[in-house]
Amino acid sequence: RSVVFAMLRVVLLLLQERGALGFERHYHVTDPFIRRLGLEAELQGHSGCVNCLEWNEKGDLLASGSDDQHTIVWDPLHHKKLLSMHTGHTANIFSVKFLPHSGDRILITGAADSKVHVHDLTVKETVHMFGDHTNRVKRIATAPMWPNTFWSAAEDGLIRQYDLRENSKRSEVLIDLTEYCGQLVEAKCLTVNPQDNNYLAVGASGPFVRLYDIRMIHNHRKSMKQSPSAGVHTFCDRQKPLPDGAAQYYVAGHLPVKLPDYNNRLRVLVATYVTFSPDGTELLVNMGGEQVYLFDLTYKQRPYTFLLPKKCHTSGEVQNGKTSTNGVSNGIHLHSNGFRLAEGRAHVSPQVELPPYLERIKQQANEAFACQLWTQAIQLYSKAVQKAPNNAMLYGNRAAAYMKRKWDGDHYDALRDCLKAISLNPCHLKAHFRLARCLFELKYVAEALECLDDFKGKFPEQAHSSACDALDRDINAALFSKSDNAEDKKGGGPIRLRATGRKDSISEDEMVLRERSYDYKFRYCGHCNTTTDIKEANFFGSNAQYIVSGSDDGSFFIWEKETTNLVRVLQGDESIVNCLQPHPSYCFLATSGIDPVVRLWNPRPESETLNGRVVVDMEGASQANQRRMNADPLEVMLLNMGYRITGLTSGGAGGSDDEDSSEGQVQCRPS
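If you use mature numbering (1 follows the signal peptide of the UniProt record, and there is no 0), the sequence shown corresponds to residues -22 to -1, 1 to 649, in order.
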């Protein structure tokens, strides 16, 4: 009996400890803490840019790697340097990781010398050196349940796997992206799902993010080894690099068709960082040359696009992001010959009135819209949408604000909002018309014409409005245009599938995977990511309540995850913030960038006046970053050198889209 009581006491103590830890982690990042976030300390010790940071599992150690080829292990809670060692690398260090279950004794580094080194911190020695990559190693990934295994991503296009138990001198290829995308593809980042270590996410050149099932790849390798025709014993088989179902792609739906435009302007799209949410259900991507995107891995949705091959138009898939079994979803028909609205005027139940507090928010948003404060209007509408996700009017109004602001991706988000509004209210007149305008702005000209024709049939009283006539003229002018863009659309199928030469030729398997891509759930705007290819974005809080990202303007940005609203901007570097690593259990953030220091941030006491690192004009900073992303690369280089470029420092929120033609009330005024 005494043994039973003793066991019960142990169980109770464990439950109390777990409960306390759960409470601590649930509330360790809150709104008041974010509002009080400020600089606590600067850790000095490096002599070059600090390119990578990594907390240990307990959060009492912080490792950093630098251009000076040294790694430093810090006691961040007491602002002390515990250990500094030269890693043996001969070029900049880009990644540093503690090996799980090694007692924080083993540290792994990857660098621009194409090498991966394993270090024993207790003796300050490099115990393993791997030189199998042929280009810069950009990221290392580890897995909590695989204590002796880790992975590397490098600019030779390879993902390599290492097992320190099996072989201390070599690694094996897990994924060879060059077999899918040609010799020019570069792997930039990777991460393992913390809840299911069988899933590995990879970011590389281009807008697509890849999610792999490591277990399926391993099983495929074993079966190929047992086959009589098996050749080289690596993870990849030349005839069939990956088994069916082992890879799933994700992409922001508007980016593939934008690629030619971006390439013409020397604007590079590349995933610079990928990470999973703490519960493993979401994937966050910092897309270089664009915005930060969050993908839902549970409730997946197809891109809201109208340029997919007709073979993908099956009865079980529709392209407004919702699955249907009969090709009809919420009043929207997607025929094989394009886009068509539902016939006739469907009966719609009266729109449920908003509660008074949400009605006030909507009115504030409308007032901001009237004052041309587009971002403020979007944020207010988003706040209301979070509380009333089934209100068509809020989606329609936010779409109008997106269309006015015209930041990169705004017309696509507006298209998504229009489709959502129509799904909730098939007779939403303004959403129907804005949808046609969005299609036109997104260069889906034929689909825009069909949508406009359907709009005229559904709402004949609007058929000759000034807005309708203006859009009709724009569409017809584009259809008869002899521009190169129009020629590209006519000959050769979807833009996303084509390659420009043999070295970057796309395989048939890659085409299929791209066409099966899933779209994003949320988009976060305000930062700029064009200058470095190691810029991070992370979840902040164990419940992933916030999103943080570095920026080329020396600031880091914090958004609410669910509303996508920007809530705080802090100056984190004199040049560029690249790294942001949240503490595993405290409201504590480590950042680094071009400056040779590591900065620590936490909520400051209310009695303490916040320092001058708070960027008060968040809207101005965001607008400047949007202009910077759309600037000529030479102008950006001169700006980084200290020259003042008028187009980057003044004027409106530049974007790549032209101003809309004259608009009637049907389009521009919120409801």
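For each residue, glycine too, the CB sits at the ideal point set by N, CA and C.
For H406, write down the residues that DSSP places opposite it in a beta bridge.
In the DSSP output, where bridge partners are listed per residue, H406 has none listed.
Would you report the Cα separation of A95 and Y271, rounded to the nearest angstrom?
A small fix is needed here, since residue 95 is His in this sequence, not Ala. For H95 and Y271, the distance between alpha carbons rounds to 32 angstroms.
So with Cβ pairs under 9 angstroms, would you call M381 a contact of chain B?
In the structure shown, chain B cannot be found, because there is only a single protein chain.
Would you check if the distance between the CB atom of T250 and the CB atom of I512 is smaller than 9 angstroms?
Contact flag set, yes.
Around the Cβ of R83, are there at least 16 other Cβ atoms within 10 angstroms (buried) or fewer (exposed)?
That one is exposed.
Would a C-beta distance cut-off of 9 angstroms place V248 and L262 closer than the cut-off?
Their beta carbons are not under 9 angstroms apart, which means V248 does not touch L262 by this criterion.
Comparing alpha-carbon positions, which option in Q22, P367 and D386 lies nearest K236?
Taking only the C-alpha atoms, the option nearest K236 is D386.
Tell me the residue span of the alpha helix (DSSP H) that contains M489.
Its alpha helix (DSSP H) spans residues E486 to E493.
Using a Cβ-Cβ cutoff of less than 8 angstroms, which residues in the same chain neighbour S649 once the five nearest sequence positions on both sides are dropped?
M371, G374, N375 and K408.
Could you check what DSSP says for C565 in three-state terms: helix, strand or coil?
In the structure shown, C565 sits in coil (DSSP, three-state: anything other than H, G, I, E or B).
Please check the pair Y496 and F186, which I expect to be a contact at CB under 8 angstroms, by giving their CB distance rounded to whole angstroms.
The Cβ separation is near 11 angstroms, so there is no contact.
Going by C-alpha distance, which of G571, G160 and N580 is nearest D530?
Of the candidates G571, G160 and N580, the one whose C-alpha sits nearest the C-alpha of D530 is G571.
Taking DSSP as the reference, what is the three-state secondary structure of P10?
Residue state, collapsed to three classes: helix.
With DSSP as the reference, label S649 as helix, strand or coil.
Coil, per DSSP.
Which residue's Cα is closest to the Cα of Y228: D91, M202, S600 and A182?
Ranking D91, M202, S600 and A182 by Cα distance to Y228 puts A182 first.
Could you check what DSSP says for L247 in three-state terms: helix, strand or coil?
Coil, per DSSP.
Could you give the DSSP three-state label for Q269: helix, strand or coil?
DSSP places Q269 in coil when its eight states are reduced to three.
From H48 to L332, what does the alpha carbon distance come to, in whole angstroms?
Each residue's Cα considered, the two are about 58 angstroms apart.
With a CB to CB cut of under 6 angstroms and the five nearest residues on each side skipped, what residues in its chain are close to residue 669?
Residue 669 is absent from the structure shown; the chain starts at -22 and stops at 649.
Measure from the alpha carbon of C565 to the alpha carbon of each residue in R582, C557 and I554, then state which is nearest.
The option with the nearest alpha carbon to C565 is R582.
Counting along the chain, where does the beta strand (DSSP E) carrying N516 start and finish?
A515 to F518 is the span of the beta strand (DSSP E), which, as asked, contains N516.
Let me know the secondary structure DSSP gives K93 once reduced to three states.
DSSP places K93 in coil when its eight states are reduced to three.
Measuring only the C-alpha atoms, how far is H67 from D134?
One C-alpha to the other measures close to 18 angstroms.
Can you tell me the Cα-Cα spacing of A464 and A456, whole angstroms?
Since pLDDT at A464 reaches only 46, below the 50 mark, its modelled position is unreliable, and the value read off the structure follows with that caveat. Roughly 8 angstroms between the two C-alpha positions.
Taking the beta strand (DSSP E) that C167 falls in, what are its first and last residues?
Segment A165 to V170, the beta strand (DSSP E) holding C167.
Taking the C-alpha atoms as reference points, what is the distance between A121 and E337?
A121 and E337: Cα-Cα distance of roughly 47 angstroms.
Given a threshold of 16 other Cβ atoms within 10 Å of its Cβ, counted over all protein chains shown, does Y335 qualify as buried or as exposed?
Burial call: exposed.
Kindly list the residues whose CB is nearer than 6 angstroms to the CB of T100, restricted to its own chain and excluding five residues on each side of it in sequence; keep chain order.
So the list reads R83, once near-sequence residues are dropped.
What number of angstroms, rounded off, separates the C-alpha of G37 from the C-alpha of L55?
Each residue's alpha carbon lies about 9 angstroms from the other.
Taking the alpha helix (DSSP H) that F433 belongs to, which residues open and close that run?
Segment V423 to K436, the alpha helix (DSSP H) holding F433.
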